[in-house]
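Engineer:
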Amino acid sequence: MDRRKSLKLIATGAVAVPAVIAACNTEEKKTTEQVAGPTFNLDRYPEELKREKKLLAEEKFFTPEEMATIAVLADIIIPKDEISGSASDAKVPDFIEFIVKDMPEHQVPLRGGLSWLDIECLKRYEKPFRECSHEQQIEMVDDIAYPERKLKPGMSQGVKFFNKIRDLVATGFYTSEIGVKDLGYMGNRPNQWNGVPDDVLKQYGLAYSDKELKECVKFS
Amino acid sequence: MGEYQVRKQPKKYDVVIVGSGAGGGMAAYMLATAGIKVCLIEAGPMYNPQKNVTQLKNPWDSPRRGASTHYRPFGDFDACYGGWEIDGEPYTKASGTDWLWWRARMIGGRTNHWGRISLRFGPKDFRRKDQDGLGENWPISYDDIKPYYDRVDQLIGVFGTNEGLENDPDGYFLPPPKPRLHELFIKDAAAKAKVRVIPGRLSMLTQKIKSTTDRGPCFFCGQCNRNCSIAKADFSSSNVLIYPALETNNVDVIANAMAREVMTDKEGKATGISYISKDDKMEYQVLGKVVIIAAGACESARLLLNSRSQRHPNGLANLSNVVGKYLHDSTGASLGGYLPKLFGRKRYNEDGVGGMHVYSPWWLDNKKLDFPRGYHIEYWGGMSQPAYGFGFGIEGQNGKYPVNGKKKEAGGYGASLKEDYRYFYGASVGMGGRGEAIPLESNYCEIDPNVVDQFGIPVLRFNVKWSDHEIKQAKHMKETFKEIMHNMGAVITWGGDDDEKNNWGLAKPGEIIHEAGTVRMGDDPKRFALNKWNQAHDCKNLFVVDGGAFTSQADKNITWTILALAMRASDYIVDELKKQNL
């Protein structure tokens, strides 16, 4: 990983530092340690900061193989389309690596689910999921992505896992810069609330009452 | 600890205040601006909203995308330091009882993140015993407190409308923001259920106010729980009271100072506070002519009960033996779901203020109901900033409703799934009730004889249970909310399956964070801890100005009344100090 880029990411608090450290060689690791004490761009109080630092100093949870599988799954769940980029464009795998350390209750279901998936693929295709062809991956995913279908025997745990990874991929994606833009959330910036736009009121057959129009704050 | 000695702060103050939230902040502001020398002790660290910022951050600025932690239970961007559990500061519960204790530890206390719902108590709220025979009447009436509500409105600012309602009094209101789209639907649906909906009453400046040039108007980012670092447009004790009070040079703040006890002299008068500094772990004493306790209803009770002396063997202000008793929180129950007619809605910025633009004050007559007292309804929904948890459980939604006219299978992945997230975004809607509980002697906190915190201070043991009154109220809430949701055409996805087995989803005692009643005021020194001036019956230079002083708490959030009473008590203290009565 490009070190300048990684330092920038540390500074914005946008990624888990361990992901960066693990990717660096020993020499670079030294430099990274010198900047230890990640700067958060949002307020942290002393006890809280202590925990954040501890968390960020932890080893990577997922193995490189698990991370590769997560990346493949993430991009199957959220691929690039005409509106926005993919889950990996939005660094969703890094978010998942961080969140399982922050919320350890995710660790066993995810690790176990990834393992379940590989065993199933080994049985079917004699390869772990990440090494299967795209067609094989999709064939596998189709068996666990639709909880209300009549499932093939032995798939129910896979469905459970896929529901969970879909949740985490979606949450990671739609809280990223790419994802927020995709959704069209337009807030979090100074503005003036002048009420529901006229065309929207019209669309729903609504109107403000005279009392509201008289009493409420207006901006021209 | 290398050496053990108690260090005395050399300066003697007119007034020592414990706690910097709504009550302590207002007292500090009032006294300092009247020229009185104040020492303000706060158990948490210094916090300056101008420097400690979470406002206008994007979800990706938090590595956990705004999810909550042990240190920020209301989410990673919430302004409050503290939470339900504080490391090294335990509390206990008697078996078979429940209490959740929120403790803010910072300058400004929990006012840094509160909901800013600013409701006056009404005339009936001070005379509840006369109406239903339960609890006690206050020693003051609405007319006594009205001038102070008026001053608080004008000093701090609150939006709302004068509706001429009997028990939800008019005030000095700034214009409210117009309802959001889902709030217009709620208004219609509630009207069909005969539930009154009026503009919200929240302390945010929709326009500049005359009392200050320091605070700007609201710029509608919807993030009041992060505290308004940028415009100071909402009320927090830190922005609006503490920092302005510091500018008078009449206030010294000692942060990271955990009060151990109120010191008294041989005559039983308060002489100051002993505390441990969390910075150097040393013991200190600070002296004052008057002591004001505003640590929060439960923490204040704890401090008083731990302040035992020969003259006050039972703890201070506790001649009546009521300190810690009559502890009560607001009732709370809620449910939510989504409004299918909002699927695929047009995008625009509807952040608005950080809270509801409309609400429902209590609208019924208890004579026709099977429970006493009432509740108000708070509403939410719409296109909010995405955060951790966004999109969870899509498989429960995308198989049920056609997406852009297309029937789909539940679950799925890929470009089709992305379409679903977009389609369902912004359609959520929900509501919650906040009601009045009956203060009971059998609901109390006391000193646990067996447990101390890391500072060696004996901790509280809680003993609180809801009574049938509150449970029936929760049932009524749920029935009302279901009717409103139904009238709107909304689908309930959570909170709709409650029944008698889980008290109809009634929140745990303490969970609504409106605790009050532990140092209650009343005229009779044998049955009440404080007189009508928030002054201890058995120690005339000791005052309690937080929710502890409440005789009962109404179905209104308690902050505005804490502020008004703290202002009133401060006026009284200034007066009494002048007369040398304290």
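Protein chains in written order, with the numbering used here: chain B, 1 to 220; chain Z, 1001 to 1582. All C-beta atoms, glycine included, are put in the ideal place defined by N, C-alpha and C.
#1: Between the region 1441-1449 of chain Z and the region 1156-1163 of chain Z, do three or more beta carbon pairs fall short of 8 Å?
#2: Taking 8 Å as the threshold, find out whether the region 1334-1352 of chain Z comes into contact with the region 1094-1104 of chain Z through three or more Cβ pairs.
#3: Between the Cα of residue 1235 of chain Z and those of Z:1319, Z:1433 and Z:1079, spot the shortest distance and give me the residue it belongs to.
#4: Tell me where the beta strand (DSSP E) around residue 1445 of chain Z begins and ends.
#5: Between residue 34 of chain B and chain Z, is the shortest Cβ-Cβ distance under 9 Å, so that the two count as touching?
#6: Name the DSSP beta bridge partners of residue 1334 of chain Z, please?
#7: Give the straight-line distance between the Cα atoms of residue 47 of chain B and residue 1051 of chain Z, rounded to the nearest whole angstrom.
#8: Figure out for me which residue from Z:1129, Z:1478, Z:1539 and Z:1047 has the closest Cα to the Cα of residue 1265 of chain Z.
#9: Given a threshold of 16 other Cβ atoms within 10 Å of its Cβ, counted over all protein chains shown, does residue 1084 of chain Z qualify as buried or as exposed?
#10: Between the region 109-127 of chain B and chain Z, which residues of the former have a C-beta closer than 8 Å to a C-beta of the latter?
#11: Report the partner residues of residue 1259 of chain Z according to the DSSP bridge assignment.
#12: Have a look at Z:1132, Z:1147, Z:1145 and Z:1127 and flag the residue whose alpha-carbon is nearest the alpha-carbon of residue 1138 of chain Z.
#13: For residue 78 of chain B, which residues in chain Z fall below 7 Å Cβ to Cβ?
#14: Does DSSP put residue 1535 of chain Z in a helix, in a strand, or in coil?
#15: Is there a Cβ from chain Z that is less than 9 Å from the Cβ of residue 54 of chain B?
#16: The region 176-195 of chain B: which residues have C-beta closer than 9 Å to a C-beta of chain Z, in chain order?
#17: Residue 1204 of chain Z bridges to which residues according to DSSP?
#18: Which word fits residue 1462 of chain Z, buried or exposed, when buried means at least 16 other C-beta atoms lie within 10 angstroms of its C-beta?
#19: Where are the alpha helix (DSSP H) runs, 4 residues long or more, that stay fully inside the region 81-137 of chain B, in chain order?
#20: Between residue 46 of chain B and chain Z, is the shortest Cβ-Cβ distance under 9 Å, so that the two count as touching?
#21: Please identify, using Cβ separations under 7 Å, the residues of the region 1045-1057 of chain Z that lie next to chain B, in order along the chain.
#22: Do you know offhand how far residue 1218 of chain Z's Cα is from residue 216 of chain B's?
#23: Compare the beta carbon distance of residue 169 of chain B and residue 74 of chain B with 9 Å and say whether it is the shorter of the two.
#24: Quick check on residue 1466 of chain Z: buried or exposed, where buried means 16 or more other Cβ atoms within 10 Å of its Cβ?
#25: Chain B beta carbons: is any one of them nearer than 9 Å to that of residue 1394 of chain Z?
#26: Could you give the residue range of the beta strand (DSSP E) that holds residue 1462 of chain Z?
#27: Mind checking whether residue 1116 of chain Z and residue 1169 of chain Z have CB atoms under 9 Å apart?
#28: Give, in chain order, every residue of the region 1215-1232 of chain Z whose Cβ lies closer than 7 Å to some Cβ of chain B.
#29: Could you tell me which residues DSSP puts in a beta bridge with residue 1381 of chain Z?
#30: At a cut of 8 Å, does the region 1244-1263 of chain Z reach the region 1482-1501 of chain Z through at least three beta carbon pairs?
#31: Terminal residues of the continuous beta strand (DSSP E) containing residue 1560 of chain Z?
#32: Determine the DSSP secondary structure at residue 1525 of chain Z, reduced to helix, strand or coil.
#33: Quick one: grab the DSSP three-state call for residue 156 of chain B.
#34: Name the chain Z residues that come within less than 8 Å of residue 217 of chain B, Cβ to Cβ?
#35: Any C-beta of chain B within less than 7 Å: which residues of the region 1396-1410 of chain Z qualify?
#36: Closest to residue 1356 of chain Z by CA distance: which of Z:1492, Z:1093, Z:1203 and Z:1008 is it?
Structural biologist: Answer, in terms of the structure:
#1: The region 1441-1449 of chain Z, when compared against the region 1156-1163 of chain Z, does not touch it at the 8 Å Cβ threshold.
#2: No, the region 1334-1352 of chain Z is not in contact with the region 1094-1104 of chain Z.
#3: From the listed residues Z:1319, Z:1433 and Z:1079, the smallest Cα separation to residue 1235 of chain Z is found for Z:1079.
#4: Taken as a continuous stretch (DSSP letters only), the beta strand (DSSP E) holding residue 1445 of chain Z covers 1444-1452.
#5: Residue confidence for residue 34 of chain B is low, a pLDDT of 38 falling below 50, so the modelled location carries little weight; the figure read from the coordinates is stated next. No, because no Cβ of chain Z sits closer than 9 Å to the Cβ of residue 34 of chain B.
#6: Answer by DSSP bridge pairing, in chain order: Z:1432.
#7: Taken atom to atom, the span from the alpha-carbon of residue 47 of chain B to that of residue 1051 of chain Z is near 18 Å.
#8: Comparing Cα-Cα distances from residue 1265 of chain Z to each of Z:1129, Z:1478, Z:1539 and Z:1047, the minimum goes to Z:1539.
#9: Exposed: under 16 other Cβ atoms inside 10 Å.
#10: Listed by position, the residues of the region 109-127 of chain B near chain Z (Cβ gap below 8 Å) amount to none.
#11: Partner(s): Z:1275.
#12: Comparing alpha carbon positions, the residue from Z:1132, Z:1147, Z:1145 and Z:1127 closest to residue 1138 of chain Z is Z:1127.
#13: The contact set of residue 78 of chain B on chain Z, defined by CB atoms closer than 7 Å, consists of 1418 in chain order.
#14: Strand at residue 1535 of chain Z.
#15: With a threshold of 9 Å between beta carbons, residue 54 of chain B makes no contact with chain Z.
#16: Under the 9 Å Cβ criterion, the region 176-195 of chain B contributes 176, 177, 179, 180, 182, 183, 184, 185, 186, 187, 188, 189, 190, 191, 192, 193, 194 and 195.
#17: Paired residues: Z:1234.
#18: Flag for residue 1462 of chain Z reads buried.
#19: The qualifying runs are 92-102 and 107-125.
#20: Residue 46 of chain B counts as touching chain Z.
#21: Only those residues of the region 1045-1057 of chain Z whose C-beta falls short of 7 Å from the nearest C-beta of chain B are listed: 1045, 1052, 1053, 1054, 1056 and 1057.
#22: In a straight line, the C-alpha of residue 1218 of chain Z is about 14 Å away from that of residue 216 of chain B.
#23: Taking the C-beta atoms as reference points, residue 74 of chain B is found nearer than 9 Å to residue 169 of chain B.
#24: Classification of residue 1466 of chain Z: buried, given that the 10 Å Cβ count is 16 or more.
#25: For residue 1394 of chain Z, the answer is yes, since a Cβ of chain B falls inside 9 Å of its Cβ.
#26: Counted as a single uninterrupted DSSP element, the beta strand (DSSP E) harbouring residue 1462 of chain Z occupies residues 1458-1463.
#27: No, Cβ-Cβ distance for residue 1116 of chain Z and residue 1169 of chain Z is not below 9 Å.
#28: Listed by position along the chain: 1219, 1220, 1221 and 1222.
#29: DSSP lists Z:1429 as partners of residue 1381 of chain Z.
#30: Counting C-beta pairs with one atom in each stretch, the region 1244-1263 of chain Z and the region 1482-1501 of chain Z have fewer than three that are closer than 8 Å, which means they do not touch.
#31: Taken as a continuous stretch (DSSP letters only), residue 1560 of chain Z belongs to no beta strand (DSSP E), being part of the alpha helix (DSSP H) at 1559-1578.
#32: Residue 1525 of chain Z: coil per DSSP, three-state reduction.
#33: Look at residue 156 of chain B here: in three-state DSSP terms it is helix.
#34: Below the 8 Å Cβ cutoff, chain Z contributes 1159, 1174, 1175, 1176, 1177, 1178, 1206 and 1207 as neighbours of residue 217 of chain B, in chain order.
#35: Identification of residues in the region 1396-1410 of chain Z having a C-beta nearer than 7 Å to some C-beta of chain B yields 1399, 1409 and 1410, given in sequence order.
#36: For residue 1356 of chain Z, the nearest C-alpha among the options comes from Z:1203.
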